[in-house]
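Trainee: Chains A and G are the protein sequences, given in the same order. All the letters of the first sequence, read from the start, carry residue numbers 423 to 801 under my numbering. All the letters of the second sequence, read from the start, carry residue numbers 423 to 801 under my numbering. Cβ coordinates follow ideal geometry from the N, Cα and C atoms, glycine included.
Number of protein chains: 2
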Amino acid sequence: MAAVKRYLFTPGPTPVPPEVLAAMGAPVVHHRSPDFRPVYERCLARLREVCRTESDVLLFTASGTGAFETAVVNLVSPGEPHLVVSAGSFGERWKSMTTAYGADVDTLEYAWGETPDPEDVRAKLAEREAKAVWVVQSETSTGVVADVQAIAEVAKEAGALVVVDAVSSLGAVPCEMDAWGLDVVVSGSQKALMTPPGLGLAAVSDAAFERRGSTPRFYFDWEKTRKAQRSLDAPFTPPVSLVAALDVALGLLLEEGLDAAFERHVRLGRAARAGAKAMGFELFSPDEDRSAVVTAVRSPESAEIIKALRDRFGITLAGGQGDLKGKIFRIGHIGWFDIFDITTALAAVEIVSAELGLDVERGVAVTAALEAYEHTPVA
Amino acid sequence: MAAVKRYLFTPGPTPVPPEVLAAMGAPVVHHRSPDFRPVYERCLARLREVCRTESDVLLFTASGTGAFETAVVNLVSPGEPHLVVSAGSFGERWKSMTTAYGADVDTLEYAWGETPDPEDVRAKLAEREAKAVWVVQSETSTGVVADVQAIAEVAKEAGALVVVDAVSSLGAVPCEMDAWGLDVVVSGSQKALMTPPGLGLAAVSDAAFERRGSTPRFYFDWEKTRKAQRSLDAPFTPPVSLVAALDVALGLLLEEGLDAAFERHVRLGRAARAGAKAMGFELFSPDEDRSAVVTAVRSPESAEIIKALRDRFGITLAGGQGDLKGKIFRIGHIGWFDIFDITTALAAVEIVSAELGLDVERGVAVTAALEAYEHTPVA
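(1) Does the beta carbon of M423(A) come closer than 8 Å to any beta carbon on chain G?
(2) If you reduce the DSSP assignment to three classes, tell me which class W644(A) lands in.
(3) Taking C-beta to C-beta, are A740(G) and T765(G) nearer than 8 Å?
(4) Which residues, in order along the segment 631–654 of chain A, keep a beta-carbon less than 9 Å from a beta-carbon of chain G?
(5) Straight-line CA distance for D478(G) to E598(G)?
(6) How do the segment 498–510 of chain G and the segment 452–470 of chain G stand: do at least 3 beta-carbon pairs fall below 8 Å, yes or no?
(7) At the 8 Å Cβ level, is R464(A) part of the contact set with chain G, yes or no?
(8) Can the beta-carbon of V624(A) be found less than 8 Å from the beta-carbon of D605(A)?
(9) Am I right that P619(A) and V662(G) are in contact with their C-beta atoms under 8 Å? What's the rounded C-beta distance?
(10) What did DSSP end up calling F482(G) once you bin it into helix, strand or coil?
(11) Just how far apart, CA to CA, sit A445(G) and R544(A)?
(12) Taking 8 Å as the cut-off, does the segment 519–527 of chain G touch the segment 753–762 of chain G (at least 3 CB pairs, one atom from each stretch)?
(13) Distance cutoff 8 Å, beta carbons only. Does T432(G) sit that close to anything in chain A?
(14) Out of A425(A), G535(A), P449(A), which has the shortest C-alpha to C-alpha gap to G742(A)?
(15) Would you say T537(G) lies against chain A (beta-carbon separation less than 8 Å)?
(16) Less than 7 Å between C-beta atoms, sequence neighbours within five positions excluded: which residues of the same chain meet that for M423(G)?
(17) V461(G) by DSSP, collapsed to three states: which one?
(18) Interface residues of chain A around F658(G) at Cβ under 8 Å?
(19) Take W516(A) and list the residues in its own chain whose beta-carbon comes closer than 6 Å to its own, dropping the five residues that flank it on each side.
(20) Less than 8 Å between the beta carbons of W602(G) and L480(G), yes or no?
(21) Within 10 angstroms of the Cβ of V800(G), are there 16 or more other Cβ atoms? Answer buried if so, exposed if not.
(22) Any beta carbon from chain A within less than 8 Å of L443(G)'s own beta carbon?
(23) Would you call D669(A) buried or exposed, if buried means 16 or more other Cβ atoms sit within 10 Å of its Cβ?
(24) Please classify R720(G): does DSSP put it in a helix, a strand, or coil?
(25) Buried or exposed for V576(A), going by 16 or more other Cβ atoms inside 10 Å?
(26) Where does the unbroken alpha helix (DSSP H) through S518(G) begin, and where does it stop?
(27) Is it buried or exposed for T617(G), if we count other Cβ within 10 angstroms and need 16 for buried?
(28) Along the chain, which unbroken stretches of the beta strand (DSSP E) at least 3 residues long are found entirely within the segment 729–779 of chain G?
(29) Keeping to the same chain, check which residues put their C-beta closer than 7 Å to that of A725(G); ignore five residues upstream and five downstream.
(30) Since A491(G) meets chain A, which of its residues come closer than 8 Å, beta carbon to beta carbon?
(31) Quick check on this structure: which residue in V715(A), S511(A), I773(A) has the alpha carbon closest to the alpha carbon of K729(A)?
(32) Just the Cα atoms here: how many angstroms apart are L583(G) and E551(G)?
(33) Do you know offhand how far F490(G)'s Cα is from P460(A)'s?
(34) Any C-beta of chain A sitting closer than 8 Å to the C-beta of M599(G)?
(35) Following the continuous alpha helix (DSSP H) through H687(G), name the residue where it begins and the one where it ends.
(36) Which residues in chain G have a C-beta closer than 7 Å to the C-beta of M446(A)? List them in chain order.
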């Protein structure tokens with residue numbers, strides 16, 4: 423096969439910078455040796471900086487779902503009231519998971535693609551108290567980014583803990599753990615943190631730590647991990663290559679600056695939406711600055727578009743999940759993306775859409791995207 | 423700092439071949455794309471070959487402990503009788519873990535360094551039945567490799583399931599899942615499978631799968647993972663880089679041949695023991711062919727030896743755990759090791775021991791090791 427450049431434009435895993443890949447490929451060191459401890463210490467400090475918290479950020483060898491499960495098994499006791507906010511695939515997953523562990527789950531349920539309203543959360547909590555409110559910040563399945571700050575405010579007023587699925591949002595959009603009073607922030611290595619999948623994290627406030635429940639746990643026990651990490655150890659062999667890679671990636675992110683990264687994601691979102699609209703596509707995800715992580719585009723031909731992008735150009739986009747399968751395609755712009763990734767994705771979508779006989783306007787998407795990226799101030 | 427060659431001679435993580443590191447550093451691909459599925463399929467098939475089983479080998483983003491926990495949460499129901507065989511750090515861990523999940527745990531407990539006796543298992547099971555017998559094949563903390571075949575035979579006679587911690591043994595010493603009637607074999611990527619840490623596996627027999635219990639679970643649920651894997655998917659984003667790396671490592675292992683790898687480990691163990699004894703050290707681990715994974719050597723100066731090896735030669739050995747701290751050092755020879763790694767470790771131990779003023783015989787360890795490696799037939 424001829425050398426074909428490949429483009430990973432999916433909302434996770436996301437592209438990984440070469441410096442980070444180089445760290446992945448470095449010789450393995452022992453996790454209790456002086457070769458690893460300084461890397462580990464720096465990585466943990468950088469994670470606190472990215473989460474904007476003074477609390478411990480606990481690392482787990484696990485996917486984002488596994489890291490989320492640490493919150494469930496540490497916080498949920500059977501029969502306790504909990505409120506899950508669900509507006510997509512991941513909200514549904516957390517409803518299933520808290521239910522599986524015996525929580526008495528109330529769900530604030532929205533149609534996929536809707537944006538959770540803090541006032542609805544207030545109403546639910548007025549009806550029935552909850553030990554914790556479980557909320558997805560960036561619902562990767564729909565492209566919606568919820569207003570977690572406002573939801574957290576309402577939840578705190580009602581005395582509930584706030585657990586945030588920030589898997590696809592941490593590092594891409596603001597997630598101010600301490601300033602917003604979030605109790606648990608869960609994320610994974612493979613999204614805006616620009617590292618291959620395999621590492622999950624849970625930043626845990628003292629308030630959450632003190633309200634741990636009675637569900638049995640061992641591998642995912644916060645206390646074991648917190649105790650070990652505080653002496654720069656890990657309770658179980660950590661994935662040293664992934665930790666070293668994450669450390670490099672976090673260095674890149676913090677060198678750019680978190681606020682600059684957030685602004686870049688806002689601009690990338692604007693560019694993707696402007697380009698898609700210019701071609702004549704209808705957006706599925708909201709046309710708003712906050713939803714700056716994934717741009718979901720309606721198209722009954724999405725499956726054909728995705729296949730053609732892959733076959734002709736080596737470009738990977740994601741389709742829809744669940745009921746959205748075959749109805750949308752999703753352009754991820756989380757992490758190591760710049761404007762030219764967006765123009766590449768749009769140009770390729772334009773070409774294959776035209777070849778598939780779709781009625782798309784030609785020659786406008788890239789220009790519209792560049793203009794949206796460059797010429798509008800970010801608040 | 424000048425370029426110093428570094429040697430990782432610990433029993434996990436273990437050294438990783440450059441071909442495998444290169445796979446770790448390759449660009450990330452999407453786990454549901456044609457870039458990944460063939461790799462995944464081949465890796466799963468190779469794992470079945472390494473476990474010598476027709477059963478599903480379930481992959482988890484987790485350490486070996488996490489993979490072991492999948493067996494506990496899927497098999498244990500609260501109050502059920504289980505028998506744990508413990509003769510070291512990992513046996514104690516599985517006792518704690520099964521107890522944490524509410525099993526009614528009976529323990530066949532040995533002093534660290536003793537070798538479990540199948541007749542003791544028989545006697546325990548005659549006293550009280552158990553749903554499962556939990557046994558460590560290679561107790562990495564002591565260097566003892568148990569006779570899992572004989573223990574399994576006794577357990578099967580008593581109608582118990584057999585769960586084997588093969589974390590540091592799979593691929594190094596025989597572990598014949600189907601031929602020996604093992605129900606669950608748990609391992610990790612970072613030992614004889616010559617891959618960085620981060621991937622855990624559990625090979626699960628139909629008998630074990632059918633006797634799943636009532637403990638709540640989600641991320642570690644066997645059914646979710648088995649169902650997804652059977653359609654070449656994963657229930658949660660898998661660590662694609664580690665899977666690709668493991669696939670390369672398993673290719674190397676199977677190219678050598680499992681039986682050849684087992685024989686190599688037997689010879690490496692003989693060499694390490696012969697060299698240590700020739701210098702005048704006393705062995706802690708048994709002087710027998712089966713214990714071919716880690717050679718544990720008694721020395722009150724073990725901490726000083728380990729520090730000097732690191733400072734002078736960039737060599738990492740492991741010390742003792744628990745009560746053995748400061749009393750032994752351990753030379754790992756699991757996975758990507760050859761005889762010259764053993765002679766390097768021995769030569770360096772000889773030099774630093776002499777410098778520390780210990781009464782070691784000089785100039786004999788390397789010769790004794792080479793002779794033991796070369797000149798004795800393996801049954």
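Mentor: The short version:
(1) Taking the first sequence and counting its residues from 1, one reaches residue 423(A) at position 1. Low confidence applies to M423(A): its pLDDT is 49, below 50, so where it sits in the model is not reliable, and the reading given next is rough at best. Output row for M423(A): interface = no.
(2) As a position in the first sequence, residue 644(A) is number 222, starting the count at 1. In the structure shown, W644(A) sits in a helix (DSSP, three-state: H, G or I).
(3) Translated into the one-based positions of the second sequence, residue 740(G) becomes position 318. Translated into the one-based positions of the second sequence, residue 765(G) becomes position 343. Not closer than 8 Å, so no.
(4) T637, P638, R639, F640, Y641, F642, D643
(5) Indexing the second sequence from 1 puts residue 478(G) at position 56. Indexing the second sequence from 1 puts residue 598(G) at position 176. Spanning the two alpha carbons is a distance of roughly 14 Å.
(6) no
(7) What you label residue 464(A) is simply residue 42 of the first sequence in a count that begins at 1. Not an interface residue.
(8) Sequence index remark: in the first sequence, residue 624(A) carries index 202 (1-based). Sequence index remark: in the first sequence, residue 605(A) carries index 183 (1-based). Here residue 624(A) is Ala; the residue named in the question, Val, does not match the sequence. In this structure, D605(A) does not lie closer than 8 Å to A624(A) by Cβ.
(9) As a first step, residue 619(A) must be located in the first sequence, where it is residue number 197. As a first step, residue 662(G) must be located in the second sequence, where it is residue number 240. Yes, P619(A) and V662(G) are in contact; Cβ-Cβ is about 6 Å, under 8 Å.
(10) What you label residue 482(G) is simply residue 60 of the second sequence in a count that begins at 1. Reduced to three states, the DSSP call for F482(G) is strand.
(11) Locating residue 445(G) in the second sequence gives position 23, counting from the first residue. Locating residue 544(A) in the first sequence gives position 122, counting from the first residue. So the two alpha carbons sit approximately 49 Å from each other.
(12) no
(13) Numbered from its first residue, the second sequence carries residue 432(G) at position 10. So, interface residue.
(14) To locate residue 742(A), count along the first sequence from 1; it is residue 320. The shortest Cα separation from G742(A) among A425(A), G535(A), P449(A) belongs to G535(A).
(15) As a first step, residue 537(G) is located in the second sequence; it is residue number 115 there, counting from the start. No, T537(G) does not count as interfacial toward chain A.
(16) Taking the second sequence and counting its residues from 1, the one referred to as residue 423(G) is at position 1. Annotation note: pLDDT 48 at M423(G) (below 50); position unreliable, no value reported.
(17) Looking up residue 461(G) in the second sequence gives position 39. Residue state, collapsed to three classes: helix.
(18) As a working note, residue 658(G) is residue 236 in the second sequence. Near F658(G) (Cβ distances below 8 Å), the residues of chain A are S485, G486, T487, G488.
(19) Against the first sequence, residue 516(A) aligns to sequence position 94. Cβ within range, chain order: V506, W556.
(20) Counting from one through the second sequence, the residue named residue 602(G) turns up at place 180. Counting from one through the second sequence, the residue named residue 480(G) turns up at place 58. Cβ distance not < 8 Å, so W602(G) and L480(G) don't count as in contact.
(21) On the second sequence, residue 800(G) is found 378 positions in, with the first residue counted as 1. Counting Cβ neighbours within 10 Å, V800(G) comes out exposed, since fewer than 16 surround it.
(22) Mapped onto the second sequence, residue 443(G) falls at position 21. At least one chain A Cβ lies under 8 Å of L443(G).
(23) Taking the first residue of the first sequence as 1, we reach residue 669(A) at position 247. Its Cβ being crowded by 16 or more others within 10 Å, D669(A) is buried.
(24) The residue labelled residue 720(G) in the question sits at position 298 within the second sequence. Three-state result, R720(G): strand.
(25) As a first step, residue 576(A) is located in the first sequence; it is residue number 154 there, counting from the start. Per the 10 Å Cβ criterion, buried.
(26) Translated into the one-based positions of the second sequence, residue 518(G) becomes position 96. Element bounds for S518(G): 511–522.
(27) Numbered from its first residue, the second sequence carries residue 617(G) at position 195. Buried: at least 16 other Cβ atoms inside 10 Å.
(28) 750–754
(29) Along the second sequence, one-based indexing puts residue 725(G) at 303. Cβ within range, chain order: G741, G748.
(30) What you label residue 491(G) is simply residue 69 of the second sequence in a count that begins at 1. According to the sequence as given, residue 491(G) is Glu; it is not Ala. Near E491(G) (Cβ distances below 8 Å), the residues of chain A are F640, Y641.
(31) Residue mapping note: residue 729(A) aligns to position 307 of the first sequence, counting from 1. Closest option to K729(A), Cα to Cα, is I773(A).
(32) Within the second sequence, the letter at position 161 stands for residue 583(G). Within the second sequence, the letter at position 129 stands for residue 551(G). L583(G) and E551(G): Cα-Cα distance of roughly 11 Å.
(33) Here the question's residue 490(G) lines up with position 68 in the second sequence. Here the question's residue 460(A) lines up with position 38 in the first sequence. Their Cα atoms are separated by approximately 29 Å.
(34) Here residue 599(G) corresponds to residue number 177 of the second sequence, with the count starting at 1. M599(G) does not count as touching chain A.
(35) Taking the second sequence and counting its residues from 1, the one referred to as residue 687(G) is at position 265. Note, H687(G): alpha helix (DSSP H), 680–701.
(36) Locating residue 446(A) in the first sequence gives position 24, where the first residue counts as 1. In chain order: M446, G447, S663.
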